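In order, the protein sequence lines correspond to chains L and C. As numbered in the numbering used here, residues 116 to 338 make up the first sequence, in order. As numbered in the numbering used here, residues 116 to 338 make up the second sequence, in order. What follows is a short report on a single structure.
Protein chains: 2
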Amino acid sequence: MDRDFPHDDTTADTAERILAVAERILAVAERLFGQRGYSGVSIRDIARAAGISKANVFHHYASKQALYEAVLERSASRFHALLESLADHQREAAELLEDFSRRHLRNMLERQDALSLYVRHLLDAASEDQGTAAEAILERTYDVLVERFAALQRQGKLAGHADPGVLALTLVGSHLVYVLGRKVLQQRAVPAAERFSKTLIRQLLDGVAAGPRAGGQDQSDRQ
Amino acid sequence: MDRDFPHDDTTADTAERILAVAERILAVAERLFGQRGYSGVSIRDIARAAGISKANVFHHYASKQALYEAVLERSASRFHALLESLADHQREAAELLEDFSRRHLRNMLERQDALSLYVRHLLDAASEDQGTAAEAILERTYDVLVERFAALQRQGKLAGHADPGVLALTLVGSHLVYVLGRKVLQQRAVPAAERFSKTLIRQLLDGVAAGPRAGGQDQSDRQ
DNA sequence: CCAGCGACCGACCGATCGGTCAGTGAATGC
DNA sequence: GCATTCACTGACCGATCGGTCGGTCGCTGG
Numbered sequence: 116m117d118r119d120f121p122h123d124d125t126t127a128d129t130a131e132r133i134l135a136v137a138e139r140i141l142a143v144a145e146r147l148f149g150q151r152g153y154s155g156v157s158i159r160d161i162a163r164a165a166g167i168s169k170a171n172v173f174h175h176y177a178s179k180q181a182l183y184e185a186v187l188e189r190s191a192s193r194f195h196a197l198l199e200s201l202a203d204h205q206r207e208a209a210e211l212l213e214d215f216s217r218r219h220l221r222n223m224l225e226r227q228d229a230l231s232l233y234v235r236h237l238l239d240a241a242s243e244d245q246g247t248a249a250e251a252i253l254e255r256t257y258d259v260l261v262e263r264f265a266a267l268q269r270q271g272k273l274a275g276h277a278d279p280g281v282l283a284l285t286l287v288g289s290h291l292v293y294v295l296g297r298k299v300l301q302q303r304a305v306p307a308a309e310r311f312s313k314t315l316i317r318q319l320l321d322g323v324a325a326g327p328r329a330g331g332q333d334q335s336d337r338q
Numbered sequence: 116m117d118r119d120f121p122h123d124d125t126t127a128d129t130a131e132r133i134l135a136v137a138e139r140i141l142a143v144a145e146r147l148f149g150q151r152g153y154s155g156v157s158i159r160d161i162a163r164a165a166g167i168s169k170a171n172v173f174h175h176y177a178s179k180q181a182l183y184e185a186v187l188e189r190s191a192s193r194f195h196a197l198l199e200s201l202a203d204h205q206r207e208a209a210e211l212l213e214d215f216s217r218r219h220l221r222n223m224l225e226r227q228d229a230l231s232l233y234v235r236h237l238l239d240a241a242s243e244d245q246g247t248a249a250e251a252i253l254e255r256t257y258d259v260l261v262e263r264f265a266a267l268q269r270q271g272k273l274a275g276h277a278d279p280g281v282l283a284l285t286l287v288g289s290h291l292v293y294v295l296g297r298k299v300l301q302q303r304a305v306p307a308a309e310r311f312s313k314t315l316i317r318q319l320l321d322g323v324a325a326g327p328r329a330g331g332q333d334q335s336d337r338q
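Shown next as structure tokens:
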């Protein structure tokens, strides 16, 4: 078809294909690095999984380290996009927290390779002293959550004695362990993600103390 | 000294030295595997760090994989020892939780290499389907905590609507993220470990909601 | 039509990997 | 005193690592 203008089609197709190769390398590398770690993956593995030659990987990325950093950067920017969509609502604390928890948890579950990659990177960075751009994910998440919690506190929607920083770590940590431990603990009765978010937020908001503080042990919202 | 019986001394010393070599390999391997991951560490690295020849490592451990599993096992048993000391008190919920949080967090901080090793192992296991003995750490921690929380609940020291499983994940997750993020977030005002435990437990028990549920926003226990 | 460019590949490089093996030297049992 | 045992080593193996190089091929601007 379009024998007269194969160029247009082919040109765009080629251009796309070029981008597609670089992008496909990134995608494949993210998956493999996430699953097996930096030194657990060879350039040959990546090339094989992407269906190209090993030399071609070096044609698009100067070195394995450069490719790794490109993967981290891509991963980080994608994660930031999620965070942006969080902090601009004006709802009740319970609703907002539950919504964030659900989104954050779902994102972690959907993009487990990226999450693994990031956790691995944190572990690697823990025994060095460099600060690559990627670990800004945690800083960023922390900052956004802390700011948001502080705002809720100012609006009187959160207890005055609450510590936004500790609360942020609790929230993120609960999600992380849920995802990390999901497979190991699957024979236990670990709730599904949606239900976990709901239960988690309710417990964080209301506390788990026996209830000698105010009311009895009646739980109003049980469905 | 003891020139007449250098044998006794030397014998015991040699026997100790043999044990010491195997043990030193384990210790060194735990540190290196924890810092750089399984495939990021070569037998040569381990031998060099332990001050022995590479072949000697293979003399004590059949393969790199076998050494790795021995390290995991040793790490796991040490961790279990910590857990045992947890579940046998008869105190108030706040006191017990805070004590566990403090211990658990301190243990994580003191043995970061083992923690890193374990998290890495969890990440590796996540993309496979085998179940080595080491990931039983999480199962075990989870089970002990859940059982303990359920007991507290039966005693009426914990709210009836609390979910022991979610609470366990929250507690462990908060600790994990605290340790993992401690370095990255150190320029933020992240509290010291002791203070973090205290704040964390108080928030988990009392909740962070503004206080509209039952009573006013008076918090009785503020010291 | 053709010179140049860039995506892409096969073959190759030195280094390092996990693992083996023949041997050494000191202690032990008989 | 002699054979055995065993912790331990240096030298070596094939495989694989990250990375390079010379070259092919298809497209494009002049």
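Beta carbons are placed, not taken as given, at the ideal position from N, Cα and C, and that holds for glycine. A quick note: this is a predicted structure, and the numbers were derived from the prediction, not measured.
On the criterion of 16 or more Cβ atoms from any shown chain inside 10 Å, does residue i qualify as buried, or is it exposed?
i: histidine 219(L); result: buried
i: glutamate 250(L); result: buried
i: arginine 146(L); result: buried
i: serine 192(L); result: exposed
i: serine 168(C); result: exposed
i: histidine 174(C); result: exposed
i: alanine 170(C); result: exposed
i: serine 178(C); result: exposed
i: glutamine 268(C); result: buried
i: arginine 310(C); result: exposed
i: arginine 235(L); result: buried
i: arginine 159(C); result: exposed
i: glutamine 227(L); result: buried
i: isoleucine 206(L); result: Before going further, note that residue 206(L) is arginine rather than isoleucine in the sequence given. Looking at its Cβ environment, which holds fewer than 16 other Cβ atoms inside 10 Å, arginine 206(L) is exposed.
i: glycine 152(L); result: buried
i: glycine 280(L); result: buried
Can you list, in chain order, the residues of its chain whose CB lies under 6 Å from that of residue i, leaving out five sequence neighbours each side?
i: glycine 331(C); result: Note on glycine 331(C): pLDDT 37, under 50, position unreliable in the model; the coordinate value appears next. Excluding residues within five positions, none has a Cβ falling inside 6 Å.
i: leucine 319(C); result: none
Per DSSP, residue i is paired with what?
i: leucine 212(L); result: Answer is none; leucine 212(L) lacks a bridge partner.
i: alanine 325(C); result: BP columns for alanine 325(C) are empty, so no partner.
For residue i, name the three-state secondary structure that DSSP assigns.
i: leucine 273(C); result: strand
i: glutamate 184(L); result: helix
i: glycine 296(L); result: helix
i: alanine 164(L); result: helix
i: glycine 330(L); result: Any reading at glycine 330(L) needs caution, since the residue's pLDDT is 38, under 50, leaving its predicted position unreliable; the model's value is listed next. Of the three classes helix, strand and coil, the one that applies to glycine 330(L) here is coil, per DSSP.
i: leucine 319(C); result: helix
i: proline 279(L); result: helix
i: alanine 240(L); result: helix
i: alanine 304(L); result: coil
i: aspartate 123(L); result: Interpretation of aspartate 123(L) is limited by its pLDDT of 35, a score under 50 that renders its predicted location unreliable; the figure taken from the coordinates is listed afterwards. DSSP places aspartate 123(L) in helix when its eight states are reduced to three.
i: histidine 225(L); result: Per the sequence presented here, residue 225(L) reads as glutamate, with histidine not at that position. It is helical.
i: serine 190(L); result: helix
i: valine 156(L); result: coil
i: tyrosine 233(L); result: helix
i: glutamate 138(C); result: helix
i: glutamate 199(C); result: helix
i: alanine 177(L); result: coil
i: arginine 206(L); result: coil
i: arginine 217(L); result: helix
Which residues of chain L have a Cβ atom closer than 9 Å to the Cβ of residue i, listed in chain order?
i: tyrosine 233(C); result: Simply none; closest approach about 10 Å.
i: glutamate 199(C); result: Under the 9 Å cutoff, chain L gives no residues; its nearest Cβ is about 20 Å from glutamate 199(C).
Note down, in chain order, every chain C residue with its Cβ under 9 Å from the Cβ of residue i.
i: alanine 265(L); result: Result: empty, since nearest Cβ-Cβ is about 12 Å, beyond 9 Å.
i: alanine 208(L); result: Val323, Ala324 and Ala325
Which residues in the same chain have their Cβ closer than 7 Å to the Cβ of residue i, if we skip the five residues on either side of it in sequence?
i: glutamate 213(C); result: Ser312, Lys313 and Ile316
i: alanine 308(C); result: Leu220, Arg221 and Leu224
i: arginine 255(C); result: His195 and Leu198
i: arginine 217(C); result: Glu309 and Ser312
Check the Cβ of residue i against every Cβ in chain C and list those closer than 7 Å, keeping chain order.
i: glutamine 150(L); result: Ser242
Skipping 5 residues on each side, what residues in its chain have a beta carbon closer than 8 Å to that of residue i?
i: leucine 232(C); result: Glu145, Phe148, Gly149, Val186, Leu187 and Ser190
i: valine 305(C); result: Tyr293, Gly296, Arg297 and Phe311
i: valine 136(L); result: Ala165, Ile167, Asn171 and His175
i: lysine 272(C); result: Glu207 and Ala208
i: alanine 59(C); result: Past the edges of chain C, shown from 116 to 338, lies residue 59(C), and the structure says nothing about it.
i: alanine 277(C); result: Phe264 and Gln268
Could you name the residues of chain C that residue i contacts, counting a contact when the two beta carbons are closer than 8 Å?
i: leucine 72(L); result: Here chain L covers residues 116 to 338 and nothing more, so residue 72(L) does not appear.
i: serine 216(L); result: Within chain C, no residue comes near serine 216(L); the closest Cβ sits about 11 Å away, beyond 8 Å.
Using a cut-off of 8 Å between C-beta atoms, extract the partners of residue i located in chain L.
i: glutamine 180(C); result: Correct list: empty, because the minimum Cβ distance to chain L is about 13 Å.
Could you name the residues of chain L that residue i contacts, counting a contact when the two beta carbons are closer than 7 Å?
i: valine 323(C); result: Leu273, Ala274, Ala277, Leu282, Leu319 and Leu320
i: serine 154(C); result: Gly152, Ser154 and Gly155
i: phenylalanine 311(C); result: Val281
i: leucine 287(C); result: The residue asked about is misnamed: residue 287(C) is valine in this sequence, not leucine. Result: Val292.
i: glutamine 305(C); result: The sequence as given places valine at residue 305(C); glutamine does not occur at that position. Going along chain L in sequence order, the residues near valine 305(C) (Cβ under 7 Å) are Gly280.
i: leucine 224(C); result: In chain order: nothing, as chain L lies at least about 12 Å away.
Is any heavy atom in the ligand HEM found nearer than 7 Å to the beta carbon of residue i?
i: leucine 295(C); result: Questions concerning the ligand HEM fall outside what the structure shown contains, since it holds no ligand whatsoever.
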